[in-house]
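In UniProt numbering, the protein residues as written are 246 to 606.
Data first, discussion second: the structure below is written as C-alpha cells.
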Ligand code: M6R
C-alpha cells in the first residue's frame with residue numbers, strides 16, 4: 246500500500262521524519278546527556294578500550310558508514326574510517342584486536358558484508374551491526390549492535406534507511422564520546438540537535454515543489470558532478486549514487502578540494518555541478534570552488550544553509566549542529582533524483598539491473 250504516493254521511493258522519502266523519531270525514541274538520557282543503546286553489548290570499559298573504528302558496508306550503507314566515521318572522529322575522537330565490505334574482505338586486512346568493527350546493512354543479508362563479518366569473527370575481532378532488518382543474518386552474526394528502526398524499505402533505492410543509519414551513527418558517536426572526552430554541554434547540544442531533526446526533515450520536504458522545478462531544469466544533463474568537502478563529501482557521493490541509480494544519468498562525486506587536480510577540465514555549460522555547502526568552517530573554501538566553476542561557465546545547484554551567490558540555484562536546508570549537518574543535506578537531493586527520474590519516465594522503484602538485496606558474491 247503506497248498510501249497516496251505514486252512510488253515506494255516517494256512514500257519512503259516522506260516517512261523519514263517518523264523514522265528518525267523512531268530511531269531516537271527511548272534512547273536519549275537527558276540526565277547524563279548521552280544515549281542508551283540496548284543491544285550494543287559494549288560496556289564503558291570496552292568502549293574506552295577502542296583504539297580505532299572500522300566501518301564496512303556496500304553502496305548506500307557504505308556512504309552512511311563514511312558519515313558515521315566522521316561523526317565518531319568528531320564526537321568521540323577515535324580514529325575511524327569506512328571501506329566497502331567487498332574490498333576489505335579481499336585484501337587480506339590486518340585484523341586488530343583494539344579496533345571496533347561495524348557492519349552496516351539495510352537488509353542484513355548482503356553477502357559481501359556478511360562474509361566480511363564472518364572473516365572478522367573467525368579472527369577474533371569484535372564486530373557490531375548497524376542493521377535495519379531485525380533478526381537478519383548480519384544482525385545474528387554480530388556481537389551486538391544498533392537497529393536503525395527505519396521500518397520496511399521496499400524501493401530498491403535506499404532513502405529513509407540511509408537517513409536512519411546516519412542518525413544511528415550520530416547516537417553511537419555521542420555514546421562513545423560521552424564515555425570518553427565529550428563534555429556534558431556538548432552532549433546536550435548534540436541531543437538538542439537530534440531532537441530537531443524530524444521537524445527539520447518535514448521543513449525540507451515542504452519544499453518539494455521547488456525541487457521538482459529544479460529537477461526539470463537539470464534533467465537535460467548527460468552527466469553531473471557532485472562536490473562537497475569533509476562532512477559534505479559523503480553526502481555528495483550518496484546524492485550522486487541516488488541520481489545514477491534512479492535516473493541513469495551519469496554522475497560523479499568528488500571532494501571539492503580535488504577539483505583543480507583534474508575534474509575542473511570537465512566544466513562547461515553542459516556539465517552541471519551539485520555542490521554541498523554547509524555553513525561550517527569550510528564555507529569560504531567551498532565558495533572559492535563555486536567561483537572556479539562559475540568562471541568556466543558551469544551551472545551550479547547548491548544545497549546550503551544560506552543562498553549562495555555564485556550558484557544558479559540554491560536549495561536552502563535548515564541548520565542543525567555542524568556535526569550533524571550530513572544528516573539533512575542529502576534529503577532534498579533524494580527528491581531531486583526522484584523528480585529527475587520521474588520526468589524521464591524511469592521505473593523508479595525497480596531500476597534496471599539492480600536488486601534490493603545482493604545476496605550473491
Ligand atoms: O542491504 P544493504 O544495506 O546491505 O545493501 C547495500 C547496497 O546494495 C545498497 O545500499 C544499494 O547500494 C542500494 N541500491 C542503494 O540505493
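C-beta atoms are modelled at their ideal positions from N, C-alpha and C, and glycine is treated no differently.
Computed from a predicted structure; not experimentally measured.
Mind reading off the beta-carbon distance from residue i to residue j? Whole number of angstroms is fine, and I expect it under 8 angstroms.
i: residue 541; j: residue 500; result: Actually they are not in contact, since the Cβ atoms of residue 541 and residue 500 sit about 18 angstroms apart, beyond 8 angstroms.
i: residue 297; j: residue 325; result: 7 angstroms
i: residue 389; j: residue 285; result: 5 angstroms
i: residue 498; j: residue 481; result: 4 angstroms
i: residue 376; j: residue 353; result: 4 angstroms
i: residue 472; j: residue 534; result: 7 angstroms
i: residue 555; j: residue 532; result: 7 angstroms
i: residue 412; j: residue 268; result: 5 angstroms
Could you check if residue i belongs to the surroundings of the ligand M6R, using beta carbon to heavy atom distance under 7 angstroms?
i: residue 242; result: No information on residue 242 is available, as it lies outside the stretch 246 to 606 that the chain covers here.
i: residue 411; result: no
i: residue 599; result: yes
i: residue 305; result: yes
i: residue 302; result: yes
i: residue 603; result: yes
i: residue 402; result: yes
i: residue 260; result: no
i: residue 358; result: yes
i: residue 252; result: no
i: residue 386; result: no
i: residue 606; result: no
i: residue 355; result: yes
i: residue 490; result: yes
Tell whether a beta-carbon distance below 8 angstroms holds between residue i and residue j.
i: residue 594; j: residue 523; result: no
i: residue 278; j: residue 476; result: no
i: residue 421; j: residue 317; result: yes
i: residue 410; j: residue 309; result: yes
i: residue 355; j: residue 374; result: no
i: residue 359; j: residue 340; result: no
i: residue 449; j: residue 596; result: no
i: residue 322; j: residue 425; result: yes
i: residue 585; j: residue 496; result: no
i: residue 361; j: residue 301; result: yes
i: residue 404; j: residue 254; result: yes
i: residue 581; j: residue 460; result: yes
i: residue 432; j: residue 565; result: no
i: residue 512; j: residue 494; result: no
i: residue 330; j: residue 357; result: yes
i: residue 414; j: residue 313; result: yes
i: residue 393; j: residue 343; result: no
i: residue 561; j: residue 552; result: yes
i: residue 548; j: residue 521; result: yes
i: residue 335; j: residue 299; result: no
i: residue 398; j: residue 351; result: yes
i: residue 427; j: residue 320; result: yes
i: residue 372; j: residue 348; result: yes
Leaving out five residues before and five after residue i in sequence, what residues of the same chain have Cβ atoms less than 6 angstroms from its Cβ?
i: residue 311; result: 327, 479
i: residue 546; result: 519, 558
i: residue 525; result: 567
i: residue 543; result: 512, 518
i: residue 289; result: 424
i: residue 604; result: 354, 356
i: residue 384; result: 353, 374, 376
Could you pull out every residue in the same chain whose Cβ sits closer than 8 angstroms to the Cβ of residue i, ignoring the five residues on either side in sequence?
i: residue 600; result: 401
i: residue 446; result: 261, 262, 265, 408, 573, 576
i: residue 440; result: 269, 273
i: residue 259; result: 250, 450
i: residue 315; result: 325, 475, 476, 479, 571
Under 7 angstroms Cβ to Cβ from residue i, same chain only, skipping five residues before and after it: list those, please.
i: residue 429; result: 278
i: residue 280; result: 272, 273, 274, 416, 419, 420
i: residue 333; result: 301, 361
i: residue 305; result: 403, 407, 483, 486
i: residue 256; result: 247, 248, 250
i: residue 527; result: 474, 475
i: residue 587; result: 593
For residue i, would you say it is in contact with chain B, using Cβ-to-Cβ distances shorter than 8 angstroms as the test?
i: residue 363; result: The structure shown contains no chain B, having only a single protein chain.
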